[in-house]
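To start, the structure itself, in structure tokens.
Residue numbers (our numbering): 106 to 231.
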């Protein structure tokens with residue numbers, strides 16, 4: 106399963122690589138990273154058919170995760186569409202409502218519970 110993680114924070118990539126090292130080593134998942142919404146869209150233009158799941162931060166400079174979600178749903182409608190989980194440090198109702206209205210499949214809050222995320226990944230892969 107190819108996963109695109111979109112977050113402007115530098116520490117996200119090493120954290121994900123460490124937390125998923127066993128799954129990566131067993132070829133269960135492949136992680137790619139984008140540091141902005143714009144970078145994520147460029148990536149998806151090339152590899153949209155490979156990406157099964159997108160994990161996107163909501164609050165990023167430039168294009169927000171909510172804006173990115175809108176572009177994903179409008180620009181890449183071909184089946185199967187990627188599963189999109191939004192991530193935010195703020196578990197507020199407005200972000201949740203906006204994300205779900207734009208077509209998010211799930212909503213996670215920071216700090217991420219990686220055990221919960223791994224359980225959600227199992228249901229996607231089945």
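Glycine included, each C-beta is placed from N, C-alpha and C at the ideal position.
Minimum C-alpha distance to residue 221 - residue among 114, 118, 174 and 125: By one-based count along the chain shown, residue 221 stands at place 116. Per the Cα distances, 125.
Delimiting residues of the beta strand (DSSP E) encompassing residue 138: Taking the chain shown and counting its residues from 1, the one referred to as residue 138 is at position 33. From DSSP, the beta strand (DSSP E) with residue 138 extends over 135-139.
Short Cβ contact (7 angstroms threshold) for residue 163 with residue 187: To locate residue 163, count along the chain shown from 1; it is residue 58. To locate residue 187, count along the chain shown from 1; it is residue 82. Contact: no.
Cβ pair residue 192, residue 213 closer than 7 angstroms: By 1-based counting over the chain shown, the position of residue 192 is 87. By 1-based counting over the chain shown, the position of residue 213 is 108. Yes, they are a contact pair.
Environment of residue 142 [buried if 16+ CB atoms lie within 10 Å]: Start at 1 with the first residue of the chain shown, and residue 142 comes out as number 37. It is buried - the Cβ of residue 142 has at least 16 other Cβ atoms within 10 Å.
For residue 230, the first and last residue of its enclosing alpha helix (DSSP H): The sequence position of residue 230 within the chain shown is 125, counting from 1. Its alpha helix (DSSP H) spans residues 219-230.
Residue 108 (DSSP reduced to helix, strand or coil): Taking the first residue of the chain shown as 1, we reach residue 108 at position 3. It is a strand residue.
Of the listed residues 139, 123 and 185, nearest to residue 165 (C-alpha basis): Here the question's residue 165 lines up with position 60 in the chain shown. Here the closest residue by C-alpha is 139.
Beta bridge counterpart(s) of residue 273 as assigned by DSSP: Here the chain comprises residues numbered 106 to 231, so residue 273 is not present and cannot be evaluated.
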